[in-house]
Amino acid sequence: MFTARNKGRFALVAAAAGVSLALAGCATGDPLDETPDPTTEPAEPGTSESITVGSQAYYSNEIIAEIYAQALENVGFEVNRQFNIGQRDAYIPALESGEVDLFPEYTGNLLQYYVPDTEATQSDEVYAELQGALPDGLQVLDQSSATDQDSYNVTAEFAAENNLVTIADLAGVEGLILGGNPELEERPYGPTGLADVYGVEVSFDATGDATVDALLQGVVNVANVFSADPRIGENDLVTLEDPEGLFLASNVVPLASADLPQEAIDVINAVSAALTPEGLVAMNVQSTTDEQSPAVIATQWLTENGLI
Amino acid sequence: MNLFADAFAWILNPGNWEGRNSIPQFIGEHLWYTALAMILASAIAIPLGWYIGHTGRGRDIAVATTGAARALPSFGLLFLFVMIGGVANRDSSVVIVLALLAIPPILAGAYAGFEAIDRRVIDAARSMGMTERQIVARIEIPLGLPLLWGGLRNAVLQVVATVVLVGFVRNATLGYPIVQGIQINRFDQMLGASILIIVLALLLDAIFALLERYATPAGVRVGRTRDHRTSSTRRRAAGGATPASTEKEKSV
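Residue numbers (this note's numbering), protein chains in the order written: chain X, 1 to 308; chain C, 309 to 560.
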């Protein structure tokens with residue numbers, strides 16, 4: 001009896017000790033420390049002809065990265081593709097450490113990464129401020145006219161019913177539910193920004209990947225969708241205008257290491273000059289609807305625009 | 309930066325205990341989804357398990373399917389259900405997926421509880437003239453309770469840990485601070501919510517351990533059986549603790 005009880009007690013103490021040890025083990029090494037290991041060298045160090053192009057885990061971004069890569073290969077550079085790296089917090093350290101040389105980015109979101117409380121909203125302001133905000137060793141090349149930014153969308157019927165053209169028109173509508181990714185709730189252009197800038201009161205629903213479906217099924221009445229998303233056109237959604245500049249303009253911009261060769265810069269700037277908002281949406285449609293690979297879409301676009 | 313200190317600071321921050329997206333709201337939602345899933349799963353698995361346990365029919369199928377069902381990827385299943393059922397019905401989808409997760413352990417507990425009963429006890433009951441209904445109600449269900457409670461305890465632990473997935477389809481439950489935290493790099497709320505889920509799981513497990521102990525007829529508590537008359541090497545759910553042995557235990 002006694003031994004049995006003592007055994008139980010001992011097991012409990014041992015388990016508690018084990019748990020605390022395990023927790024202590026977690027605390028000593030910071031698992032979130034993103035500093036790259038100094039022993040791992042960049043993929044192709046030193047060779048000026050080899051350029052590493054990276055991309056986000058986002059199909060539209062990968063298409064643009066593929067365009068950069070093929071344009072560079074066309075003029076004789078050796079290109080290393082590091083696609084699908086993930087989100088900004090994962091790949092910016094890779095750019096800063098020189099593992100990646102070139103990355104398609106978006107001006108507004110990139111500026112907010114470096115200057116979270118930025119006041120700039122218009123395209124040129126954002127681009128100008130971004131150039132000053134980048135750390136040494138990184139540069140942005142010319143921005144393109146193509147944008148891919150957050151936007152508030154409603155269904156065509158809802159817009160007609162309530163005479164909606166701009167976000168400000170939402171102010172008189174009762175019982176609005178805003179759908180979007182979970183992070184939208186905490187963003188400056190989220191529910192708080194809507195109330196402060198436009199006086200629009202909304203409740204929030206974190207519909208995540210199902211945001212467009214939620215809007216179409218009437219679960220939410222306003223949805224945050226990226227402006228280059230083909231589903232806006234396919235579903236006849238109405239993107240509300242943003243006269244007060246709630247959203248930061250986010251143009252596609254190449255983020256590059258400072259030592260990118262001038263010849264490569266010229267090639268990429270030519271690509272950015274040719275990339276239009278309509279062109280970007282059209283390529284996204286080819287990816288989502290026609291299910292073509294980024295490489296095929298990129299080759300086709302470069303050929304059409306006479307760049308290769 | 310000490311992550312654990314940040315996480316506890318997030319939990320203890322009074323601002324997180326009131327209004328929209330407060331910790332009590334998240335905990336309440338977490339328990340609500342857990343309860344709905346457990347009720348649905350129990351309503352299906354307990355009668356079915358008892359039927360299998362009493363008749364022995366479909367036992368092989370039950371063993372095979374419950375074993376396989378434990379390997380179901382709940383995350384994929386949730387998205388499949390939400391896609392099929394639509395965003396408007398996502399709450400039902402969530403509850404169904406969680407219930408699917410809870411059914412195997414409950415079902416196993418229900419039929420295993422019946423099977424663990426000494427056949428001689430049932431034969432004795434039958435020879436005394438008890439009907440099948442009486443055997444189930446008066447012998448098998450009470451004697452099977454310890455293992456059924458064990459199954460329920462397993463199930464609730466799995467469900468309370470998996471409710472986190474709700475955070476991917478709507479802003480509710482303790483899963484939401486975690487899912488949102490991934491996107492906005494808020495490690496304090498991710499770890500804080502994780503700690504709360506662990507505490508919740510341990511509390512529920514403790515409550516079910518107590519239920520397992522006290523909601524069971526005193527004579528059939530597993531592991532407390534002491535039969536002085538035979539020297540069986542196997543411990544069985546059946547049999548009774550004599551008043552003498554209960555007294556002895558208390559005096560220790």
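We put the beta carbon where it would ideally sit given N, CA and C, even for glycine.
Three-state secondary structure (DSSP) of residue i
| i | result |
| --- | --- |
| X:PRO135 | coil |
| C:ARG478 | coil |
| X:ASP150 | strand |
| C:GLY364 | coil |
| C:ARG494 | coil |
| X:ARG231 | helix |
| X:THR39 | Legend: pLDDT at X:THR39 = 44, less than 50; position of this residue unreliable, no value from coordinates given. |
| X:LEU176 | strand |
| X:ASN251 | strand |
| C:GLY357 | helix |
| C:GLY437 | coil |
| C:PHE316 | helix |
| C:GLU520 | helix |
| C:ARG378 | coil |
| X:ALA22 | Interpretation of X:ALA22 is limited by its pLDDT of 47, a score under 50 that renders its predicted location unreliable; the figure taken from the coordinates is listed afterwards. Residue state, collapsed to three classes: helix. |
| X:SER123 | helix |
| X:THR52 | strand |
| X:ALA206 | strand |
| X:PRO261 | coil |
| X:PRO104 | strand |
| X:ALA57 | coil |
| C:VAL471 | helix |
| X:LEU164 | coil |
| X:THR289 | coil |
| X:GLN82 | strand |
| X:VAL309 | Since the first residue of chain X shown is 1 and the last is 308, residue 309 of chain X is not available in this structure. |
| X:VAL354 | Examination of residue 354 of chain X is not possible in this model, given that chain X is present from 1 through 308 alone. |
| X:ASP256 | Before going on, a small fix: residue 256 of chain X reads as Ala here, not Asp. Residue state, collapsed to three classes: strand. |
| X:VAL115 | coil |
| X:ASN224 | strand |
| X:VAL238 | strand |
| C:ILE425 | coil |
| C:ARG328 | coil |
Anticipated Cβ contact below 8 Å, residue i with residue j, distance rounded
| i | j | result |
| --- | --- | --- |
| X:ILE90 | X:LEU111 | Per the sequence presented here, residue 90 of chain X reads as Ala, with Ile not at that position. Actually they do not touch by this definition, with Cβ atoms about 18 Å apart. |
| X:SER123 | X:ALA249 | 4 Å |
| X:ASN84 | X:ALA57 | 5 Å |
| X:TYR113 | X:VAL222 | Rounded, the Cβ-Cβ distance is 25 Å, inconsistent with contact. |
| C:ILE354 | C:ILE425 | No, C:ILE354 and C:ILE425 are not in contact; Cβ-Cβ is about 16 Å, not under 8 Å. |
| X:ASP150 | X:PHE77 | About 34 Å; that fails the 8 Å criterion. |
| C:GLY500 | C:ALA315 | 4 Å |
| X:ASN181 | C:GLN491 | 6 Å |
| X:ALA94 | X:GLY54 | 7 Å |
| X:THR288 | X:PRO230 | 6 Å |
| X:VAL379 | X:LEU240 | Residue numbering for chain X in the displayed model covers 1 to 308; residue 379 of chain X lies beyond these limits and cannot be assessed. |
| C:LEU406 | C:VAL467 | 5 Å |
Burial state of residue i (16 or more Cβ within 10 Å)
| i | result |
| --- | --- |
| X:GLU291 | exposed |
| C:MET391 | exposed |
| C:TRP358 | buried |
| C:ILE506 | exposed |
| X:ILE63 | buried |
| X:ASP236 | exposed |
| C:ARG398 | buried |
| X:TRP301 | buried |
| C:ARG461 | buried |
| C:GLN488 | buried |
| X:ASN61 | buried |
| C:TRP318 | buried |
| X:SER203 | exposed |
is_contact[residue i, chain D] using C-beta, thresh 8 Å
| i | result |
| --- | --- |
| C:ILE404 | Looking at the structure shown, chain D is missing, and the protein chains on hand are X and C. |
Does the count of Cβ pairs from the segment 468-479 of chain C and the segment 376-391 of chain C closer than 8 Å reach three?
yes
Members of the segment 438-458 of chain C near chain X, C-beta cut-off 8 Å:
none
Members of the segment 68-96 of chain X near chain C, C-beta cut-off 9 Å
GLN87, ASP89
Touching by the beta-carbon criterion (3+ pairs, under 8 Å), the segment 166-184 of chain X and the segment 291-308 of chain X:
Short answer: they don't touch.
Are there three or more Cβ pairs, one per stretch, closer than 8 Å when the segment 253-261 of chain X is compared with the segment 436-451 of chain C?
By the criterion of at least three beta-carbon pairs nearer than 8 Å, the segment 253-261 of chain X is not in contact with the segment 436-451 of chain C.
Just by C-beta distance, which residues in the segment 472-489 of chain C are closer than 8 Å to chain X?
GLY475, PHE476, VAL477, ARG478, ASN479, TYR484, VAL487, GLN488
Do the segment 265-278 of chain X and the segment 153-168 of chain X touch if we need at least three Cβ pairs shorter than 8 Å?
no
Can we say the segment 264-274 of chain X touches the segment 182-192 of chain X, given the rule of at least three CB pairs closer than 8 Å?
The segment 264-274 of chain X vs the segment 182-192 of chain X: no contact.
What are the residues in the segment 196-213 of chain X lying within 7 Å of chain C by C-beta distance?
PHE204, ASP205, ALA206, THR207, GLY208, ALA210, ASP213
The segment 405-417 of chain C: positions lying closer than 7 Å to chain X by Cβ
Of all residues in the segment 405-417 of chain C, none comes within less than 7 Å of chain X when Cβ atoms are compared.
Any C-beta of chain X within less than 7 Å: which residues of the segment 383-404 of chain C qualify?
VAL390, GLY394, VAL395, ALA396
Quick one, which residues of the segment 216-228 of chain X are near chain C if we go by CB-CB under 8 Å, in chain order?
GLN217, GLY218, VAL219
Output, in sequence order along the chain, the residues in the segment 491-517 of chain C whose CB is closer than 7 Å to any CB in chain X.
GLN491, ILE492, ASN493, PHE495
Stretch pair the segment 415-422 of chain C + the segment 452-466 of chain C: three plus CB contacts closer than 8 Å
yes
Which residues, taken in chain order from the segment 277-289 of chain X, show a beta carbon closer than 9 Å to some beta carbon of chain C?
none
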